[in-house]
Amino acid sequence: MQDVGVEEVARELLCARDTVHGWWQKADKLLRFTGHATSKTMRSRDRKKMFPDVTAIVTFMKDKRCDEMALTTRSIMEYMWQLGD
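Quick note, the sequence shown lines up with residues 29 to 113 if you use my numbering.
This is the structure we're talking about:
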């Protein structure tokens, strides 16, 4: 930012000049931040973690489109639950 200036960075990031200036003033503090990326309260204790087969989901979506059927979030989620069983 020292080379191009606050206004150029703000224009590139599509945010307010004052926001970029504030980030620049707090750069050391922001770079030293070591807090958690996610809140520990968001975890579910009983739910098993699963990551479905992405290629199978993409194939499912393509098949639905080829069959000219409506592709909804609900149908994708139901298919993902079937993969998990």
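We treat Cβ as the ideally placed atom computed from N, Cα and C, and that holds for glycine.
Please read these numbers as outputs of a predicted model, since none were measured by experiment.
What are the boundary residues of the alpha helix (DSSP H) that residue i is part of?
i      : result
Glu36  : Val34 to Leu41
Ala84  : Val82 to Cys94
Leu111 : Thr101 to Gly112
Any idea if residue i is buried or exposed, counting beta-carbon neighbours within 10 angstroms, 16 or more meaning buried?
i     : result
Val48 : buried
Please state whether the Cβ-Cβ distance between residue i and residue j is less than 8 Å.
i     : j     : result
Leu42 : Trp51 : no
Val34 : Arg45 : yes
In its own chain, which residues sit with a C-beta less than 6 Å from the C-beta of residue i, not counting the 5 before and 5 after it?
i     : result
Phe88 : Tyr107
Below 8 Å CB to CB, which residues in the same chain sit around residue i once its five sequence neighbours on both sides are set aside?
i     : result
Leu99 : Met89, Lys92 and Arg93
For residue i, which residues from the same chain have a beta carbon less than 7 Å from its beta carbon, with the 5 sequence-adjacent residues on both sides left out?
i     : result
Phe61 : none
Worksheet item: In chain order, which alpha helix (DSSP H) runs of at least 4 residues are fully inside the region 41 to 65?
Response: 45 to 53 and 55 to 60
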